[in-house]
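Under our numbering, think of the first position of the sequence shown as 25, with each following residue one higher. Notes for the one structure printed next.
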Amino acid sequence: MTYDLIVIGTGPGGYVCAIRAAQLGLKVAVIEKRSTHGGTCLNVGCIPSKALLHASELYEEAGHGFAGMGIEVKPKLDLKKMLAFKDEGVKGNVDGVAFLLKKNKIEPYHGTGRVAGAGKVEVTFINGEKKVLDTKAIVIATGSDVARLPGIEIDEKRVVSSTGALELPVVPKKLIVVGAGVIGLELGSVWRRLGAEVLVVEYLDRILPGMDGDVARQFQKILQKQGVTFKLASKVMAVKKDASGCAVTVEPAAGGVAESHFADIVLVAIGRVPYTDGLGLQEAGVTLDNRKRIVVDAHFQTNVPGVYAVGDVIAGPMLAHKAEDEGVAVAEILAGQAGHVNYGVIPNVIYTFPEVASVGKSEEELKAEGIAYNAGKFPFTANGRAKVNKTTDGFVKVLADSATDRILGVHIIGAHAGELIGEAAVIMEFGGSAEDLARTCHAHPTLTEAVKEAAMAVDKRAVHM
């Protein structure tokens, strides 16, 4: 049998690509090394971390926020049950993907896939047996792996990656997070809420590299107020483990006197790297860049005809929804349609409390590109719903082209920012202006009114400020 398409990897990019291709009439197979589908995101990433962020946020609210609303409770943590709650959510999601693959008549193979030449994929099953499958097209959607610090072994017990940080059997007294990016701040927030003392060590002199600087500075202040400690412009040189915990050696990034810090657990969260090893790419002649990412053209095809790639293994932000959109685009291209991804409108969300969300350009990017812009900013302290909910931390910022008023970027820090950013993404997809957003009627009282007011502030006419 010859398939129309074989997808290697069933994370968000892979399984969505497979389903869309099947919807368009292609005969599709998928290869997945895990026993469950969904990739890092559903199994050990986005989904389980959001479950723990949700549960830990409610735990903290019950302990510190309920009394102010006239609700007297004293919460008691059952960590084992909280982890079971997380696992139940993961199972629901991965079972859902398996159901969708079956519903769309997609053939699943559980094993590791390797490009074995033009139109051929070799599957190595868990028992060691091999099988070669024939296909017209191959999509590589193998995602990414944890980036490691040289000389520091991740054992998922004392020194953990994001995977181990989702499974800690007891709340650490002291947690050191290496890296002040999204993953480190999210998981650091989970364990701080549950009782850990958290120190974040970051090589750069700021948190959230790549995020709008205004947002990052405000966010750092909020996290510090919550109890997170930061050591910026610093690097971890060594981690020495023993039965009691870890001695962590930290030096200034520019060099200088080393300090020693003790932690029960060290979380290494310095980013992720493309998962391109063992796929037979070199033998097949597929070109990789200097960061081991697969090089593709505007239609996601590699230099080898019939071999395509999407998601974390190619350039661009390592985000599940970016991979999904690419997966849909490739499936549509293979079916003779015009698949396309608008990389200028890919939202980014940090699911802490408050949440941080952005879409489009930051102020720093606009300045670097020499684009003249107007900024409108509105604080949640002036929003009626935020006031009554006691969620007044943060703001909305709208950046619009000074000549055309077209919205170029929106940045939000505040409660439910991850939901609020959707409105910004939609209006930007349609090329809308700040004026369009400002003149759209928003329900009252809602947090979305802060988005409207920030758009009004671009023209210096916010009403409630």
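Idealized CB from N, CA, C, for every residue including glycine. Computed from a predicted model, the values in this text were never measured in an experiment.
With burial defined as no fewer than 16 other Cβ atoms inside 10 Å of the residue's Cβ, what is the status of residue i: buried or exposed?
| i | result |
| --- | --- |
| Glu-388 | exposed |
| Tyr-39 | buried |
| Tyr-509 | Only positions 25 to 489 of the chain appear in this structure, which leaves residue 509 out of reach. |
| Glu-17 | Nothing in the structure corresponds to residue 17, since the chain is present only between 25 and 489. |
| Phe-13 | The requested residue 13 does not occur in the structure, where the chain is confined to residues 25 to 489. |
| Asp-119 | exposed |
| Pro-341 | exposed |
| Pro-196 | buried |
| Asn-67 | buried |
| Gln-17 | In the structure displayed, the chain extends from 25 to 489; residue 17 sits before or after that span and is not available. |
| Phe-149 | exposed |
| Gly-335 | buried |
| Glu-364 | In the sequence under discussion, the amino acid at residue 364 is His, which differs from the Glu named in the question. His-364 is exposed by the Cβ-count criterion. |
| Arg-485 | exposed |
| Met-452 | buried |
| His-488 | exposed |
| Gly-37 | buried |
| Ile-95 | exposed |
| Lys-98 | exposed |
| Ala-189 | buried |
| Cys-270 | buried |
| His-88 | exposed |
| Gly-137 | buried |
| Tyr-367 | exposed |
| Thr-34 | buried |
| Glu-226 | buried |
| Met-25 | exposed |
| Ala-481 | buried |
Can you tell me where the beta strand (DSSP E) holding residue i begins and where it ends?
| i | result |
| --- | --- |
| Gly-12 | Coverage of the chain is limited to positions 25 through 489, which leaves residue 12 absent and any answer about it impossible. |
| His-285 | 283 to 287 |
| Leu-157 | 154 to 164 |
| Glu-56 | 52 to 56 |
| Tyr-397 | 397 to 403 |
| Ile-32 | 26 to 32 |
| Leu-218 | Looking at the DSSP string, Leu-218 is not in any beta strand (DSSP E), and its letter there is neither H nor E. |
| Ser-258 | 258 to 266 |
| Asp-169 | 168 to 170 |
| Ile-200 | 198 to 202 |
| Lys-10 | Any question about residue 10 goes unanswered here, given that the chain covers just 25 to 489. |
Which stretch, first to last residue, makes up the alpha helix (DSSP H) that contains residue i?
| i | result |
| --- | --- |
| Glu-177 | Counting along the chain, Glu-177 falls outside any alpha helix (DSSP H), and DSSP gives it neither H nor E. |
| Phe-109 | 103 to 127 |
| Glu-388 | 387 to 392 |
| Arg-138 | Segment 131 to 139 is the beta strand (DSSP E) holding Arg-138; no alpha helix (DSSP H) there. |
| Glu-96 | That residue, Glu-96, is in no alpha helix (DSSP H); it is neither H nor E in DSSP. |
| Glu-146 | Taken as a continuous stretch (DSSP letters only), Glu-146 belongs to no alpha helix (DSSP H), being part of the beta strand (DSSP E) at 144 to 149. |
| Gly-63 | 63 to 68 |
| Cys-41 | 36 to 47 |
| Ala-478 | 472 to 482 |
Tell me the DSSP bridge mates of residue i?
| i | result |
| --- | --- |
| Tyr-83 | Tyr-83 is not bridged to any residue. |
| Val-487 | For Val-487, which the question treats as bridged, DSSP gives no partner whatsoever. |
| Lys-255 | Val-225 |
| Ser-186 | Ser-186 is not bridged to any residue. |
| Ser-457 | Arg-430 |
| Ala-333 | Ile-164 |
Open item on the list: With three or more beta-carbon pairs closer than 8 Å as the criterion, would you say the segment 163 to 171 touches the segment 288 to 306?
Closed with: Enough Cβ pairs lie closer than 8 Å, so yes.
Task: Sufficient close CB pairs (3 or more, under 8 Å) joining the segment 47 to 55 to the segment 178 to 190 - done: Short answer: they don't touch.
TODO: Check whether the segment 322 to 337 touches the segment 194 to 202, counting contact only when three or more Cβ pairs, one atom from each stretch, lie closer than 8 Å.
DONE: Flag = no, the segment 322 to 337 and the segment 194 to 202 do not touch.
TODO: Could you tell me whether the segment 447 to 466 touches the segment 475 to 487, using the rule of 3 or more Cβ pairs below 8 Å?
DONE: Touching, yes, given that three or more Cβ pairs across the two stretches are closer than 8 Å.
Open item on the list: Check whether the segment 244 to 252 and the segment 100 to 112 touch, using three or more Cβ-Cβ pairs below 8 Å as the test.
Closed with: A contact between stretches requires three or more CB pairs, one per stretch, nearer than 8 Å, and the segment 244 to 252 fails this requirement with the segment 100 to 112.
Open item on the list: So, does the segment 313 to 321 touch the segment 79 to 94, judging by three or more C-beta pairs under 8 Å?
Closed with: The count of Cβ pairs closer than 8 Å, one atom from the segment 313 to 321 and one from the segment 79 to 94, stays below three, leaving the stretches out of contact.
Task: the segment 374 to 386 in contact with the segment 223 to 238 per 3-pair CB rule at 8 Å - done: Taking 8 Å as the limit for Cβ pairs, the verdict is that the segment 223 to 238 does touch the segment 374 to 386.
TODO: Spell out a yes or no on whether the segment 54 to 69 and the segment 124 to 134 are touching, meaning 3 or more CB-CB pairs, one atom from each, closer than 8 Å.
DONE: They touch, by the three-pair rule.
Task: Unbroken stretches of the beta strand (DSSP E), 3 residues or longer, contained in the segment 269 to 331 - done: Runs of the beta strand (DSSP E) inside the segment 269 to 331: 269 to 276, 283 to 287, 289 to 292, 296 to 298.
TODO: Return the chain-ordered ranges of every beta strand (DSSP E) run that is complete within the segment 345 to 387 and spans a minimum of 3 residues.
DONE: For the segment 345 to 387, whole beta strand (DSSP E) runs of length 3 or above, ordered along the chain, are 372 to 374, 379 to 384.
TODO: Ignoring anything shorter than 3 residues or poking outside the segment 409 to 451, list the beta strand (DSSP E) runs there in chain order.
DONE: Within the segment 409 to 451, the complete beta strand (DSSP E) runs of at least 3 residues fall at 419 to 425, 431 to 438.
TODO: Specify whether the segment 408 to 416 and the segment 209 to 229 touch according to this definition: at least 3 beta carbon pairs, one from each stretch, less than 8 Å apart.
DONE: Contact between the segment 408 to 416 and the segment 209 to 229 is absent, because fewer than three Cβ pairs lie under 8 Å.
Open item on the list: With a threshold of 8 Å, are at least 3 pairs of Cβ atoms found where one atom belongs to the segment 337 to 356 and the other to the segment 419 to 434?
Closed with: Result no; under three Cβ-Cβ pairs closer than 8 Å.
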